[in-house]
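**Q**
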Amino acid sequence: MIGAVLAGGESRRFGRPKAFADWDGTPFYERAVDALNPVCDEVVLSVRKDQLGDFSEFKGKRITDLAPYESCGPLGGLYALMEQTGGDTVLTLPCDMPLFTACDAQKLKAYFEQSDLQALIPSVNGRLQPLSAIYAASCMPVITAQLEHGNFRMKSFFDQVKWKEIPHTELGIAEEAFSNINDQQTYEHLKRTAQRRRTDGTD
Ligand SMILES: Nc1nc2c(ncn2[C@@H]2O[C@H](COP(=O)(O)OP(=O)(O)OP(=O)(O)O)[C@@H](O)[C@H]2O)c(=O)[nH]1
1 MIGAVLAGGE SRRFGRPKAF ADWDGTPFYE RAVDALNPVC DEVVLSVRKD
51 QLGDFSEFKG KRITDLAPYE SCGPLGGLYA LMEQTGGDTV LTLPCDMPLF
101 TACDAQKLKA YFEQSDLQAL IPSVNGRLQP LSAIYAASCM PVITAQLEHG
151 NFRMKSFFDQ VKWKEIPHTE LGIAEEAFSN INDQQTYEHL KRTAQRRRTD
201 GTD
């Protein structure tokens, strides 16, 4: 299984590149890499072409979004990942979910491997989390055909593959693992919460 850290965003709401924001002395993107490393055969970074230089310290493969499907949402990103990683199953994780751990990734992977699904998408209170999910290589022909028809909708993709929504409770993953940081306010709030847990000894 290939782990793919999605780090090609523009961080407009955050105000600076959030892949490099600090979490406990580690940049966000490295934290996501660390969460996937123990459970994946290889971890790659998914970035935009113009960001390649920013991630030059990353030792693994840097996969860039591919024309003509750059900026076409998750399907365009998945297309680029599958096209450039040689047809393996892909476990994706956005760089802005610093509370998602290797243990959480393991739970997702274990569930997927016991199923015959093409895609496993966790949900939190009914909200799908397609960026922290697993996609089998057999999704590729569906994605390619859809993109060729100019259809970038995840909903259409879900109509064509065998997939399952799995509530985080069923996976045994805490809701907060899926907290994603879009702005400074959420960043500060999550940092304070994590700090309090450490002080209370509840973490
Ligand atoms: N490779 C790649 N990753 C992306 C792209 N857009 C977003 N991401 C990643 O997907 C995750 C979710 O992104 P968002 O927070 O929704 O978007 P963002 O562009 O980072 O932030 P905003 O500019 O505030 O919307 C983050 O980990 C991003 O780094 C893209 O075009 N290419």
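Okay, so the sequence shown: first residue is 1 according to the UniProt record's numbering, each after it adds one. Glycine included, every Cβ here is placed at the ideal spot set by N, Cα and C.
(1) So what does DSSP say about V142, is it helix, strand or coil?
(2) For residue 219, which option in Q195, P98 and N180 has the closest C-alpha, if you only look at C-alpha atoms?
(3) Taking the C-alpha atoms as reference points, what is the distance between F152 and L108?
(4) Can we say the region 115-135 touches the region 16-25, given the rule of at least three CB pairs closer than 8 Å?
(5) Applying the 10 Å Cβ sphere with the 16-neighbour rule, what's the burial state of Q185?
(6) Give me, in chain order, the residues of the same chain whose beta-carbon lies closer than 7 Å to that of E175; leave out the 5 immediate sequence neighbours on both sides.
(7) Does the Cβ-Cβ distance between D96 and N182 come in under 9 Å?
(8) Between S11 and ligand 1, is the CB less than 8 Å from at least one heavy atom?
**A** According to the data block:
(1) helix
(2) Shown here, the chain extends from 1 to 203; a query on residue 219 therefore has no answer.
(3) 25 Å
(4) no
(5) exposed
(6) V124 and H168
(7) yes
(8) yes
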